[in-house]
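Undergrad:
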Amino acid sequence: MEKTLQVLLQISSVLLLIRCTLAQQAFLNSSTERLALLDLRSSLGLRSTDWPIKSDPCSTWNGVHCKNGHVTGINISGFKRTHIGRQNRSFSVDSLVNLTFLESFNASSFSLPGPIPSWFGYRLGSLQVLDLRFSSVAGPIPESIGNLTTLNALYLSDNRLTGSVPYALGQLVKLSVLDLSRNSLTGQIPTSFALPSNLSRLDLSSNYLSGPIPYGLGNISTLQFLDLSDNSLAASIPVELGNLSRLFELNLTKNSLSGSLPVEFIGLTSLQRLEIGDNGLEGVLPDIFTTLDNLRVVVLSGNNLDGAIPGALLSLPNLQVLDLSGNNFTGILSNFSSNGNAGGALFNLSNNLLYGSLVSPFRNFSLVDLSGNYIQGKVPDGSQSNISLDRNCLQAVLNQRSLEECKLFYDERGLNFDNFGAPESTQPPSPEPAPKKRKRWIYILMGLLVGVAFIVILVLMMVVVLRKCDKRITNQRGSANVGPVPEGDIPSLPKDPANISSLRDSFTYEQLLSSTRAFSEANLIRHGHSGDLFQGLLDGGCPIIVKKVDFRSKKESYMTELELFSKYSHTRLVPFLGHCSENENEKLLVYKYMPNGDLASSLYRVSDLEDDSLQSLDWITRLKIAIGAAEGLAYLHHECNPPLVHRDIQASSILLDDKFEVRIGSLSEVRIQEGDSHHNVLTRFLRKPQSSEPAPSGSPSVSCAYDVYCFGKVLLELITGKLGISKSDDATTKEWLEHTLGYISVYDKELVTKIVDPSLIVDEDLLEEVWAMAIVARSCLNPKPMKRPPMKYILKALENPLKVVREESYSSQRLRTTSSRRSWSTAFFGSWRHSSSDNATIVGHTNREGGSGLRQPGRVGSYGSGGIEHSSSNKRFSNEIFPEPLEMQDLEQQDEN
């Protein structure tokens, strides 16, 4: 009897629990909320398989969550629309105002083109989570969002948001996560963030924010993640940030910050990642690393830091990645080999002023880059397998500095130099007999006179020939070697490209000062790491772009641009008009003005209508831009000898003239493709762990395959209208790429409609071209560099897109919906993969080059040029490089099954 009572009590408890659960979740009690959901289903074009109209929303609708008979959560992330819904995509969610108990709305990766309604802040008073990532949201962030006092998570990243960050966001005292990254926000970070806050994660990266970092951010004691990278933030780093004892990641990379690293950072005891690369920090590193035992990644590259590298930094027990390259650190390396960090660390100390000798073979490290320093002596046995030592002063090692350069460095510092192991001669040379000396000088003078006469005659002949060919050259559009001569009275390119020192100024300083109104703020386009860009107007009415370079800190950048444009020219490269070097400290470079800016600013523009709506480029223009960019890259990869790698292909580097013809800019990262080396491994580990390729702004691979990968992201931007993908390579971008590539299939054309920019008007014929470009983009984004197509084949595919998606044996009107291995290879690649005569350059992975001449990388702007490095390259047949599309599609079908 007693056991029976216990069983009955247990059953009643279970029934009570089930009853409570059913009361919370099972059925929707409000008819108003049901009508609101049905209206939302219609306005968004949701499919009946997700929200079946005849069933109860709380019990059977995907993504609908209820509590006590009311809708509390809606998650439509990644949902597919109906055919009608795809044709009428917009931010149509007005029915949410009737869901008064709504706590969470997640529409990430669901296209909602248009601005966020201002009534969100007035009518959704119970909202706690708002997630609109990758949703094509445009326009400003409503100030009314600050009224959502219950909000604790706001995700608006990877959209087209403009305007400033609302001040009211700082007043959301319950807000824990704020992610506004990868948009086009401008202005300063609101000082309201200094108010007491519960923020644990603040991500404002990859925008156009300016001004100083608010010191009040140091008052947010709960902050654990702070990312302000890739903006235009200036001034010094607030010392108050040292109060963030819970902070485990701080990223301020790619800004214009100055001053020194605050000594108050000694209080960041929980910090695991410290990234402040590509700024203007200077001075000696403070002694702060004795307490930062949790540090795993430290990136301070591309600054002006000097002094000795602290021993505590080199001895951090958990350090995995250390990048101090591109600074002015000096001192000996005797303590470097005895550090106590964990084995397998990756260290990049290249392009500094380190000297002394190597003591240890560095067997405890995975990779060490010491190139571009002044280390002398012999290399310990076993060091060359995991260490880069180029451009030092070492004995019996290739690619070292010259004897004169090394000797000068050590003499200036009063140090002893080993003279590359060779004893210096102390005896003066024996004098020659006087008659023999006199006779020798006569021969020398005669030779000089003959040489000068020959050079004068040769120059005169060249002038005559060049004048006769001048008109013919200007008409050669798309020439592999020569671009168009600048129009009007603009000075032409120098005639002797072999020697930079022989280039004369094309403009006077007064001329450029007048054209830019004394480099006024009104003429300033943007601040760049290689120089400031100004718009100007010459006396003849010709618009120009002038880059002002600080010669004291950016000498190599200036010399790099001159050398590049003196050796290479093409109609698809931004026209270089000349330069001015009169001023000792300021050098000026002049480019032709591009009326339509770059692709990032031209893809969507404010229309002439009164409602200031956005107007996007049509498909024909987008395809034209893709072909033009491919032509420029094909010239660099296949027509230049040796091949050149751009290394920074993104929407902002594709400039557009008045007819939307492509002129590729941002050439400051250009390098000659090199063979395989260990340096690429180092640059891969210096990026975010989730990245599939090194970031363009970091230290990208010197390989044509890297350009192809970046170009694939640009193609996806043209197809989807999703700006910012080509300039970013973090985990969120990778997630978006994986999601988007899932809709690109050689078997199903209709799948691609799910990712096409909703602002595009594409009929059935144009959809085939969109499909073809998507397939090309997918091949470019193959995770294996060896399997990406060469750029000359990509160009052919874009010029003939219908051949990519139609069977050659069928009529031109019949689409291919199924494929065999043979027909697919024939349709897309044609004779490319079957021709043994078509060779493609092997993917080369090299270290980041620095030093003199054309080797020091810098921050890329819309206009500019970059370095050229010399190396040999290996080759392999094209069928070893091209991906096998069928294998990818087979994997798709396996996943679907």
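Going left to right, the sequence shown walks through residues -23 to -1, 1 to 874 as mature numbering (1 follows the signal peptide of the UniProt record, and there is no 0) numbers them.
Note that CB positions come from ideal geometry on N, CA and C, so glycine has one too.
Because the structure is a prediction, the values reported are computed rather than measured.
1. Count the other C-beta atoms from every protein chain shown that fall within 10 angstroms of the C-beta of Ser278, then say buried if there are 16 or more, exposed otherwise.
2. Can you tell me whether Trp801 is buried or exposed? The criterion is at least 16 other CB atoms within 10 Å of its CB, across all chains shown.
3. Considering only DSSP beta bridges, list what Arg378 is partnered with.
4. Measuring CA to CA, which of Gln627, Tyr683, Ala212 is closest to Leu693?
5. In whole angstroms, give me the CA-to-CA distance for Asn256 and Pro239.
6. Could you tell me if Gly260 is buried or exposed, where buried requires 16 or more neighbouring beta carbons within 10 angstroms of its beta carbon?
7. Please name the residue in Thr139, Pro143, Gly147, Asp156 whose C-alpha comes closest to that of Gly130.
8. Please go through the same chain and pick out, in chain order, the residues whose beta-carbon is closer than 8 Å to the beta-carbon of Val114, but skip the five residues on each side of it.
9. Should Lys769 be labelled buried (16 or more other beta-carbon atoms within 10 Å of its own) or exposed?
10. If distances are taken between C-alpha atoms only, which option among Leu632, Arg159, Gly147 comes closest to Pro191?
11. Is it true that the stretch 715 to 727 meets the stretch 73 to 81, where meeting means three or more beta-carbon pairs spaced less than 8 Å apart?
12. Could you tell me the boundaries of the alpha helix (DSSP H) in which Glu563 lies?
13. Could you tell me which of Ile352, Ser530, Gly701 sits nearest to residue 875, measuring between CA atoms?
14. Name the DSSP beta bridge partners of Gln512, please?
15. Can you tell which of Leu695, Ser630, Ala606, Gly689 has its C-alpha closest to the C-alpha of Arg599?
16. Report back the beta-carbon spacing between Val551 and Leu632 to the nearest angstrom; my notes put them in contact at under 8 Å.
17. Straight-line CA distance for Gln377 to Arg648?
18. Based on DSSP bridge pairs, tell me the residues matched to His42.
19. How long is the line joining the alpha carbons of Val298 and Glu226, rounded to whole angstroms?
20. Under 6 Å Cβ to Cβ from Arg273, same chain only, skipping five residues before and after it: list those, please.
21. Report the partner residues of Tyr99 according to the DSSP bridge assignment.
22. Taking 8 Å as the cut-off, does the stretch 383 to 393 touch the stretch 425 to 433 (at least 3 CB pairs, one atom from each stretch)?
23. DSSP on Cys617, reduced to helix/strand/coil?
24. Using a threshold of 9 Å, state whether the C-beta atoms of Ser343 and Ala322 are closer than that.
25. The alpha helix (DSSP H) spanning Val753 covers which residue range?
26. Between which two residues does the alpha helix (DSSP H) carrying Thr717 extend?
27. Which same chain residues, not among the five before or five after Asp207, have their C-beta less than 6 Å away from its C-beta?
28. Compute the Euclidean distance between the alpha carbons of Gln64 and Asp734, then round it to the nearest angstrom.
29. With distances taken from CA atoms, which of Ser334, Asp283, Ser593, Gly398 is nearest Ile738?
30. With three or more beta-carbon pairs closer than 8 Å as the criterion, would you say the stretch 701 to 714 touches the stretch 635 to 646?
31. Go ahead and label His547 buried or exposed: buried means 16 or more other beta carbons lie within 10 angstroms of its beta carbon, across all protein chains shown.
32. Compare the C-alpha of Ser141 against each of Val216, Thr163, Arg159 and name the closest.
33. Does the beta-carbon of Phe4 have 16 or more other beta-carbons within 10 angstroms, so that it is buried, or is it exposed?
34. On the three-state DSSP scale, how would you describe Tyr545?
35. Pop quiz: Asn305 and Leu326 are said to be a contact at Cβ under 8 Å. What is the actual Cβ separation, rounded to whole angstroms?
36. What did DSSP end up calling Leu470 once you bin it into helix, strand or coil?
TA: Walking through what the data contain:
1. Residue 278 sits at position 301 when you count from the first residue of the sequence shown. Ser278 should be labelled buried.
2. Translated into positions along the sequence shown, residue 801 becomes position 824. Unreliable placement is indicated for Trp801, whose pLDDT of 37 sits below 50; the coordinate value is still reported in the next sentence. Trp801 should be labelled buried.
3. Locating residue 378 in the sequence shown gives position 401, counting from the first residue. BP columns for Arg378 are empty, so no partner.
4. As a working mapping, residue 693 is identified with position 716 in the sequence shown. Comparing Cα-Cα distances from Leu693 to each of Gln627, Tyr683, Ala212, the minimum goes to Gln627.
5. Here residue 256 corresponds to residue number 279 of the sequence shown, with the count starting at 1. Here residue 239 corresponds to residue number 262 of the sequence shown, with the count starting at 1. Going from the Cα of Asn256 to the Cα of Pro239 covers about 14 Å.
6. Here residue 260 corresponds to residue number 283 of the sequence shown, with the count starting at 1. By the 10 Å Cβ count, Gly260 comes out exposed.
7. Position 153 of the sequence shown, counted from the first residue, corresponds to residue 130. Before going on, a small fix: residue 130 reads as Ala here, not Gly. Checked all of Thr139, Pro143, Gly147, Asp156; the closest Cα to Ala130 is Asp156.
8. Taking the sequence shown and counting its residues from 1, one reaches residue 114 at position 137. If we look at Val114 and ignore the five residues flanking it on each side, its Cβ neighbours are Phe68, Leu89, Pro90, Gly91, Pro92, Ile93, Leu133, Asn136, Arg137, Leu138.
9. Taking the first residue of the sequence shown as 1, we reach residue 769 at position 792. So Lys769 counts as buried.
10. In the sequence shown, residue 191 corresponds to position 214, counting from 1. Of Leu632, Arg159, Gly147, the residue nearest in Cα terms is Gly147.
11. no
12. Here residue 563 is taken as the residue at index 586 of the sequence shown, counted from 1. That residue, Glu563, is in no alpha helix (DSSP H); its beta strand (DSSP E) goes 563 to 569.
13. With the chain represented from -23 up to 874, any question about residue 875 goes unanswered, as that position is not in the structure.
14. Within the sequence shown, numbered from 1, the residue matching residue 512 stands at position 535. Looking at the DSSP assignment, Gln512 forms a beta bridge with Ile522.
15. For the purposes of this step, residue 599 is taken as residue 622 along the sequence shown, with counting starting at 1. Arg599 has its Cα closest to that of Leu695, out of Leu695, Ser630, Ala606, Gly689.
16. Numbered from 1 along the sequence shown, position 574 holds the residue referred to as residue 551. Numbered from 1 along the sequence shown, position 655 holds the residue referred to as residue 632. The pair is a contact, with the Cβ atoms about 6 Å apart (cut-off 8 Å).
17. Along the sequence shown, read from residue 1 onward, the residue named residue 377 stands at position 400. Along the sequence shown, read from residue 1 onward, the residue named residue 648 stands at position 671. Computed Cα separation, rounded: 19 Å.
18. Looking up residue 42 in the sequence shown gives position 65. For His42, which the question treats as bridged, DSSP gives the partners Gly50.
19. Reading the sequence shown from its first residue, position 321 is the one you call residue 298. Reading the sequence shown from its first residue, position 249 is the one you call residue 226. Each residue's alpha carbon lies about 14 Å from the other.
20. Counting from one through the sequence shown, the residue named residue 273 turns up at place 296. For Arg273, where only same-chain residues beyond five positions count, the Cβ hits under 6 Å are Gln249, Asn295, Gln297.
21. Reading the sequence shown from its first residue, position 122 is the one you call residue 99. Per DSSP, none; premise fails for Tyr99.
22. no
23. Translated into positions along the sequence shown, residue 617 becomes position 640. DSSP places Cys617 in coil when its eight states are reduced to three.
24. If you number the sequence shown from 1, residue 343 lands on position 366. If you number the sequence shown from 1, residue 322 lands on position 345. Yes, the Cβ-Cβ distance between Ser343 and Ala322 is below 9 Å.
25. By one-based count along the sequence shown, residue 753 stands at place 776. Its alpha helix (DSSP H) spans residues 741 to 757.
26. Mapped onto the sequence shown, residue 717 falls at position 740. Run containing Thr717: 708 to 718, per the alpha helix (DSSP H) assignment.
27. By 1-based counting over the sequence shown, the position of residue 207 is 230. Ser182, Ser183, Lys231, listed in sequence order.
28. The residue labelled residue 64 in the question sits at position 87 within the sequence shown. The residue labelled residue 734 in the question sits at position 757 within the sequence shown. Gln64 and Asp734: Cα-Cα distance of roughly 11 Å.
29. For the purposes of this step, residue 738 is taken as the residue at position 761 of the sequence shown. Ranking Ser334, Asp283, Ser593, Gly398 by Cα distance to Ile738 puts Ser593 first.
30. no
31. Along the sequence shown, read from residue 1 onward, the residue named residue 547 stands at position 570. Label assigned to His547: buried.
32. As a first step, residue 141 must be located in the sequence shown, where it is residue number 164. Comparing Cα positions, the closest option is Thr163.
33. The residue given as residue 4 occupies position 27 in the sequence shown. It counts as exposed.
34. Within the sequence shown, the letter at position 568 stands for residue 545. Three-state result, Tyr545: coil.
35. Sequence index remark: in the sequence shown, residue 305 carries index 328 (1-based). Sequence index remark: in the sequence shown, residue 326 carries index 349 (1-based). Rounded, the Cβ-Cβ distance is 12 Å, inconsistent with contact.
36. On the sequence shown, residue 470 is found 493 positions in, with the first residue counted as 1. Any reading at Leu470 must be qualified, since the residue scores a pLDDT of 30, below 50, and its modelled position is unreliable; no value is offered.
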